[in-house]
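These notes are about the structure you will find just below.
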Amino acid sequence: ERFREHTRGGLYHNLKAGMDVFMGTHDVLTLSGLYKYSDGLNDALLTYRDFDSGGAPAGVTTRTEKETEEQRNTEAALSYRRTFGGEGHEWSSDLRWMRGRDREYSDLLEYDDAGSDPLKQRVNNTEDEDNLLFQSDYVRPLSGKGKIETGLKSTFRRINNDYTVEELDSGSWDTLP
């Protein structure tokens, strides 16, 4: 059997701003930005109850986890839209930049009711992501029910994920493979 108690909490903040600049009757330039910050605190208690083949209790193992998590996300966007004479005839271009940073640190302690030495581990998980997106689209309705649509989209993405688990052994922290 497995039982789990989990508490999640922390502070979460968002700041978002944007503006439109109207450059005449057909042109609009939009600038916007977003910043998110969170500082999470998570605690978990796991209890494993083992039974032998006859169903009798064979042991209890308890594992505690204390995790702090810090996330920062930043986004910026620049958009341009031009409308032409006639409904649905337009050209638009967007440039978006996004950066995400996520840091998680955990301390783990596992012990059993048999009196074995407790297992102590710590985990460091770093996730970084950068994105740059460019997109441009042109739409021109044709007489009747048709239209011409063309566009270009390009995305550049970089992801870095470092994950390390260390275990306390004879007073020193050893990195696990």
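For the sequence shown, the positions run 14 to 190 when this note's numbering is used.
Every residue, glycine too, gets a C-beta built ideally from N, C-alpha and C.
All values reported here derive from a predicted model rather than from experimental measurement.
CB of T81 within 8 angstroms of CB of L54, strictly:
yes
Please state the DSSP three-state secondary structure of S129.
coil
First and last residue of the beta strand (DSSP E) that includes F16?
15-35
Can you grab the Cα-Cα spacing for the pair M32 / T188, in whole Å?
49 angstroms
Nearest-angstrom Cα separation, counted from T177 out to E103
50 angstroms
Of the listed residues T168, E162, D182, nearest to Q134 (C-alpha basis)
D182
Would you please state the rounded distance, in angstroms, between the beta carbons of N137 and M111? I believe it to be under 8 angstroms.
N137 to M111, Cβ: 24 angstroms. No contact.
Going along the chain, which residues of its own chain have a beta-carbon closer than 6 angstroms to the beta-carbon of R171, five neighbours each way excluded?
D143
Nearest CA to the CA of R95: which residue from L146, D40, E179, S149?
D40
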